[in-house]
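Numbers 0 to 454, taken from numbering that gives the first Met the number 0, label the letters of the sequence shown in order.
No residue lacks a Cβ here, since even glycine has one placed at the ideal position from N, Cα and C.
Read the structure below first, then the notes.
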Amino acid sequence: MPRHDFEPAWDLGAQLTELAGRLVFFTDQMPEPDVPIPARMEIVAIGRPMSNVAFTAARWTVDPGTQRGRLYLRVRHFGSGAVSATISGTARGQQVFAKRLSLPADRDVPLEAELAGGIGQMTIRVVASGDSLAVDDVLTLIEPKVRLVTVVNRLPADSIARYAVKRVLQALPDVQPGELKDADLLIEGADQGPPDRIGLWWLGVGPIDPSDAARKQAKNVIGPYLLEKRHPLLEGVTLGGVVWGGVQPVPWQATPLISVGGIPLLARLSGTASVAYLLNIDLRQSNLADSPDWPILLSNLIDQRRQNLPGLAARWNYRLNEPIRFRLFELGAAGGAGRSETDGSRRELTLAHGDRRRPVARSAIVELPPLDAPGLYTIQDGDHVIDRFAVNFFDVRESDLRKLGRGHRSPPSGPEIETVAANEAVNPAIIAGIVLTLLAALADWHIVKRKRLPA
């Protein structure tokens, strides 16, 4: 089990035995001297020091290109001297890997293993002499998913913009072309305007007005550019030496991410059903597509889209009590939910672990309560499985059993315990409140009495 916080249980026990009874706490290790302990509590420690071998960290990655995986583990021997350990992984009843290591005392030993793709789920065990705790000997890991972003490029077939976008998309991993109905991101001419579809991201590439007259009126700027550096779309973007051509008036309400003199060059549009971004540019008159910033900008956009897809975005393996958040459904820029979520609000969102199921509150972003039991968990929306993840035991303090031991603490007795009990029962804040109440009542009585005196 994870590191326990005993104070709430101690406080409850002290309240229940305040008038009569005996409060005894049995443990395997005496509390630290600086830990506040109820005065009337007796402590009996019956532990003994032991050595132990435990996993202290695990990470499973998958290469998007080859689909092959790589496993990173750390194992530690909490004891004296070196011990031999065998670490093995199994999936679907078949051994995936097995390695034998020598573990020195009190030092993390790394282990790496190449894995084939498509394993899905794996159980990893460490077997060593002198091992005393079972819960930190076993890991259950879920194979990370390669989350593909479906991008539809609908820029004009003969345009420089279409070629510039296509060149970057072909070089990015985890991106696939698709039909508009399946699109996660739509890139098209800004003159088309943002689509009225929740769950779709849109990048409109200028010119906003492609007419010859409007293009002649457009401006070319060379900076200085004002960048909203805190926005994730602009991470790594500098615009050094970039000429931004074809800038036109923006007809939509927008929040600038890149601007010059108050004119939006890259902006997030407001009040739209889709999450819409506008690139106020004419790539025929700009060198942005030839600069290092162009692939960075599009890559950042793809990454942000991936992170906002429903389900677990980046991780499927967690520690006990680690915060776990995921997106259940998407909201439009105007704040509305999609039709599927409106219909789905009648379904029950549950978290399943073994035979146990617990309801989870529905919202666009779901935060799960702290999970203190290792194993596999399944998130279900009605009968539909949204995702699965694993929770594992990694707690160096709990795995280190060398400080366990015997001990005893007797509570005070006789007049001393009565004094302590009296001190615990009387709260100075309560006394101050009573005194202030009495003074207020006395003052009120005095004022009323004076008003009643004859003139």
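Among the options, which one has its Cα closest to the Cα of residue i?
i: L268; options: I262, S258, G260 and W251; result: W251
i: G374; options: K228, G353, G222 and D181; result: G353
i: L185; options: P172, L154, P206 and A170; result: L154
i: S101; options: D380, R73, I123 and Q94; result: R73
i: G119; options: D135, Q93 and V126; result: Q93
i: I221; options: Q169, N286 and V137; result: N286
i: D173; options: R196, R146 and A160; result: R146
i: I280; options: A189, P223 and G404; result: A189
i: D211; options: V241, G245 and A97; result: G245
i: L455; options: W9, S158, P209 and V95; result: This structure cannot settle anything about residue 455, because the visible part of the chain is limited to 0 through 454.
i: A44; options: V390, Q216, D27 and G240; result: D27
i: D4; options: A351, R356 and N320; result: N320
i: I378; options: L278, F25 and R356; result: R356
i: G117; options: Q191, A217, E6 and T65; result: T65
i: S398; options: D62, R39, G78 and Q14; result: G78
i: T16; options: E6, M29, F25 and R39; result: R39
i: R75; options: L367, Q191 and S128; result: S128
Let me confirm a value: residue i is counted as buried when at least 16 other C-beta atoms fall within 10 Å, else exposed. Which label applies?
i: T271; result: buried
i: D382; result: exposed
i: Y71; result: exposed
i: F392; result: buried
i: V125; result: buried
i: V34; result: exposed
i: E178; result: exposed
i: W444; result: At W444, the pLDDT of 46 sits below 50, so the modelled position is not reliable; the number obtained from the coordinates is stated separately. Exposed: under 16 other Cβ atoms inside 10 Å.
i: E187; result: buried
i: P231; result: exposed
i: N152; result: buried
i: G205; result: buried
i: E31; result: exposed
i: N455; result: Within the shown structure, residues of the chain are numbered from 0 to 454, placing residue 455 beyond reach of any answer.
i: D130; result: buried
i: Q247; result: buried
Have a look at the DSSP bridge pairing and note the partners of residue i.
i: N51; result: F77
i: Y376; result: F388
i: R293; result: According to the sequence as given, residue 293 is Trp; it is not Arg. None, per the DSSP bridge assignment.
i: S87; result: A97 and R124
Among residues of its own chain, excluding the 5 on either side of residue i, which ones have a beta-carbon nearer than 7 Å to its beta-carbon?
i: R69; result: T60, E111, E113 and L114
i: L171; result: S298 and I301
i: A163; result: L282, A288 and W293
i: V395; result: T55
Take residue i and list the residues in its own chain whose beta-carbon comes closer than 8 Å to its own, dropping the five residues that flank it on each side.
i: R314; result: P143 and F388
i: L327; result: P309, E340, L348, R361, S362, A363, I364, V365, D380 and I385
i: E415; result: For E415, the pLDDT reaches just 45, beneath the cut-off of 50, and the residue's location in the model is therefore unreliable, although a value from the coordinates is still provided. Correct list: empty, nothing qualifies.
i: K448; result: With a pLDDT of only 42 at K448, under 50, the local geometry of the prediction cannot be trusted, and no value is derived from it.
Leaving aside the five residues before and after residue i along the sequence, list all residues of the same chain whose C-beta is less than 6 Å from its C-beta, in chain order.
i: P255; result: P263 and A266
i: V134; result: F392
i: E423; result: Confidence at E423 is low in this model, with a pLDDT of 44, below 50, so the placement of that residue should be treated as unreliable; the coordinate-derived value is given next. Hits under 6 Å: none found.
i: L226; result: L233 and I257
Could you give the C-beta distance for residue i and residue j, rounded to a whole number, given that I count them as a contact under 8 Å?
i: A53; j: L132; result: 7 Å
i: T85; j: T122; result: With a Cβ gap of about 14 Å, T85 and T122 do not count as contacting.
i: R106; j: S83; result: Actually they do not touch by this definition, with Cβ atoms about 15 Å apart.
i: R408; j: E41; result: 6 Å
i: L277; j: A253; result: 6 Å
i: V249; j: I295; result: In fact, because the Cβ distance is near 23 Å, the residues do not count as touching under 8 Å.
i: A351; j: Y376; result: 7 Å
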